[in-house]
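Novice:
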Amino acid sequence: MNNYIQRFLLENLDIRGAVVHLDSVWQQMLKGRNYPQPVIGLLGDISTTTLLLGDNLKQPGRLTVQLKGDGPVSMLVIDCNEELFLRGMAKCEPVIPPQPVPDLLGHGQLVLTLDMFSMREAYQSIVPLDGNSIAEIFEHYFRQSEQLPSRLFLATSSEAISGILLQKLPTTDEKDPDGWTRAEALAATVQDRAMFNLPATEILSRLFFEETIRVFDAQVVNYGCQEDQTKIYNMLQSLGREEVDAILREQGEIVIHDDICNREYRFDAMTIEAIFSEASRTVH
Numbered sequence: 450m451n452n453y454i455q456r457f458l459l460e461n462l463d464i465r466g467a468v469v470h471l472d473s474v475w476q477q478m479l480k481g482r483n484y485p486q487p488v489i490g491l492l493g494d495i496s497t498t499t500l501l502l503g504d505n506l507k508q509p510g511r512l513t514v515q516l517k518g519d520g521p522v523s524m525l526v527i528d529c530n531e532e533l534f535l536r537g538m539a540k541c542e543p544v545i546p547p548q549p550v551p552d553l554l555g556h557g558q559l560v561l562t563l564d565m566f567s568m569r570e571a572y573q574s575i576v577p578l579d580g581n582s583i584a585e586i587f588e589h590y591f592r593q594s595e596q597l598p599s600r601l602f603l604a605t606s607s608e609a610i611s612g613i614l615l616q617k618l619p620t621t622d623e624k625d626p627d628g629w630t631r632a633e634a635l636a637a638t639v640q641d642r643a644m645f646n647l648p649a650t651e652i653l654s655r656l657f658f659e660e661t662i663r664v665f666d667a668q669v670v671n672y673g674c675q676e677d678q679t680k681i682y683n684m685l686q687s688l689g690r691e692e693v694d695a696i697l698r699e700q701g702e703i704v705i706h707d708d709i710c711n712r713e714y715r716f717d718a719m720t721i722e723a724i725f726s727e728a729s730r731t732v733h
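The opening residue of the sequence shown carries number 450 in my numbering; numbering runs sequentially from there.
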């Protein structure tokens, strides 16, 4: 399994965490995008972190994470649902030289939106972009929103993304006053990207070889951009025949671009006629 998230608990320390690794799903997200290398790094790190947050969804819903700023990378958007179908995109200048993360993003904010089907309104959390890396920005978010000291160790390339999350529980210091400091130092050694190619259980046993580790079942991650023609047809029908025909007269065709999935849909007059005829038969 090469696209997964796997939770774990350091039982003797009361420190919880998770390991993430994506290869083919990540490569699908990048296909046809032609992002500059600095943007790939940012998008990969935020994708890993979104999965670490989204894995907590226990009911049908969707978590959307946005980083918006006034730098050369103006927006990063990632979302996933409770089944860990992940998708995402970046808006950026076409050519961006390597530079520090604060310069890439500029001044802006991190926006997390939790839209659960059981909730009347979506929950939204907004914090400033405070940190010199994606990991530091989200560690700041965890301190502000969850009041849990957390550390993220992330690695991104064009082929794969990986990461480890550690979170200090309220009873950690009672179990071992030095446990959190020791676990942070050990986890930091995973920055050797080659280690992320190992199974999660082996990564954890190498990092925390003196600790008792409880490893939970791995959860499979899938790419969230399956083509859905019915959704596009319904959107066209919701516009109404009059408006759609007006666009056809003006432009000669209907063009819909799905930015987050990097997919374009084109409809000529004959196709539009078929879509609305089918809708009419369904209604009657």
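The beta-carbon is built from N, C-alpha and C at its ideal position, and this holds for glycine as well.
In the DSSP assignment, the beta strand (DSSP E) including residue 663 goes from what residue to what residue?
Specialist: Counted from its first residue, the sequence shown places residue 663 at position 214. From DSSP, the beta strand (DSSP E) with residue 663 extends over 662-664.
Novice: Measuring straight from C-alpha to C-alpha, what distance separates residue 469 and residue 560?
Specialist: Residue 469 sits at position 20 when you count from the first residue of the sequence shown. Residue 560 sits at position 111 when you count from the first residue of the sequence shown. Looking at the two C-alpha atoms, the distance is approximately 22 Å.
Novice: Would DSSP call residue 538 helix, strand or coil?
Specialist: Along the sequence shown, one-based indexing puts residue 538 at 89. Three-state result, residue 538: strand.
Novice: Does the distance from the C-beta atom of residue 500 to that of residue 632 stay below 8 Å?
Specialist: Within the sequence shown, residue 500 is the residue found at index 51, counting from 1. Within the sequence shown, residue 632 is the residue found at index 183, counting from 1. Contact: no.
Novice: For residue 621, count the other beta carbons within 10 Å of its own beta carbon; 16 or more makes it buried, fewer makes it exposed. Which is it?
Specialist: Position 172 of the sequence shown, counting from 1, holds the residue named residue 621. Label assigned to residue 621: buried.
Novice: Roughly how many angstroms separate the alpha carbons of residue 702 and residue 696, rounded to a whole number?
Specialist: In the sequence shown, residue 702 corresponds to position 253, counting from 1. In the sequence shown, residue 696 corresponds to position 247, counting from 1. So the alpha carbons of these two residues sit roughly 7 Å apart.
Novice: For residue 458 and residue 645, what's the separation of their Cα atoms in angstroms?
Specialist: Against the sequence shown, residue 458 aligns to sequence position 9. Against the sequence shown, residue 645 aligns to sequence position 196. Looking at the two C-alpha atoms, the distance is approximately 18 Å.
Novice: Taking the Cβ atom as the reference point for each residue, do residue 418 and residue 512 lie within a distance shorter than 8 Å?
Specialist: Residue 418 lies beyond the stretch modelled for the chain, which goes from 450 to 733, so this question has no answer here.
Novice: Compute the Euclidean distance between the alpha carbons of residue 454 and residue 492, then round it to the nearest angstrom.
Specialist: For the purposes of this step, residue 454 is taken as residue 5 along the sequence shown, with counting starting at 1. For the purposes of this step, residue 492 is taken as residue 43 along the sequence shown, with counting starting at 1. The straight-line gap from Cα to Cα measures roughly 17 Å.
Novice: Could you give the DSSP three-state label for residue 671: helix, strand or coil?
Specialist: Indexing the sequence shown from 1 puts residue 671 at position 222. Note: residue 671 maps to strand in three-state DSSP.
Novice: Measure the CB-CB distance between residue 588 and residue 601 and report whether it falls below 8 Å.
Specialist: Against the sequence shown, residue 588 aligns to sequence position 139. Against the sequence shown, residue 601 aligns to sequence position 152. Cβ atoms of residue 588 and residue 601: closer than 8 Å.
Novice: Determine the extent of the beta strand (DSSP E) in which residue 562 is found, giving its start and end residues.
Specialist: Here residue 562 corresponds to residue number 113 of the sequence shown, with the count starting at 1. 557-565 is the span of the beta strand (DSSP E), which, as asked, contains residue 562.
Novice: Determine the closest residue to residue 628 out of 605, 652 and 660, with distance taken between C-alpha atoms.
Specialist: Counting from one through the sequence shown, the residue named residue 628 turns up at place 179. Looking at the Cα atoms, 660 is the closest of the given residues.
Novice: Quick one: give me the first and last residue of the beta strand (DSSP E) that residue 466 is part of.
Specialist: Sequence index remark: in the sequence shown, residue 466 carries index 17 (1-based). First-last of the beta strand (DSSP E) with residue 466: 464-471.
Novice: Going by the beta-carbon positions, is the gap between residue 490 and residue 605 smaller than 8 Å?
Specialist: Position 41 of the sequence shown holds residue 490. Position 156 of the sequence shown holds residue 605. Yes, the Cβ-Cβ distance between residue 490 and residue 605 is below 8 Å.
Novice: Rounding to the nearest angstrom, what Cα-Cα distance links residue 687 and residue 673 in this structure?
Specialist: One-based indexing of the sequence shown puts residue 687 at position 238. One-based indexing of the sequence shown puts residue 673 at position 224. In a straight line, the C-alpha of residue 687 is about 24 Å away from that of residue 673.
Novice: I think residue 452 touches residue 471, with their Cβ atoms under 8 Å apart; what is that distance to the nearest whole Å?
Specialist: The residue given as residue 452 occupies position 3 in the sequence shown. The residue given as residue 471 occupies position 22 in the sequence shown. With 8 Å as the limit, residue 452 and residue 471 qualify as a contact, their Cβ atoms being about 5 Å apart.
Novice: According to DSSP, is residue 591 part of a helix, a strand, or is it coil?
Specialist: For the purposes of this step, residue 591 is identified with residue 142 of the sequence shown, where counting begins at 1. Helix.
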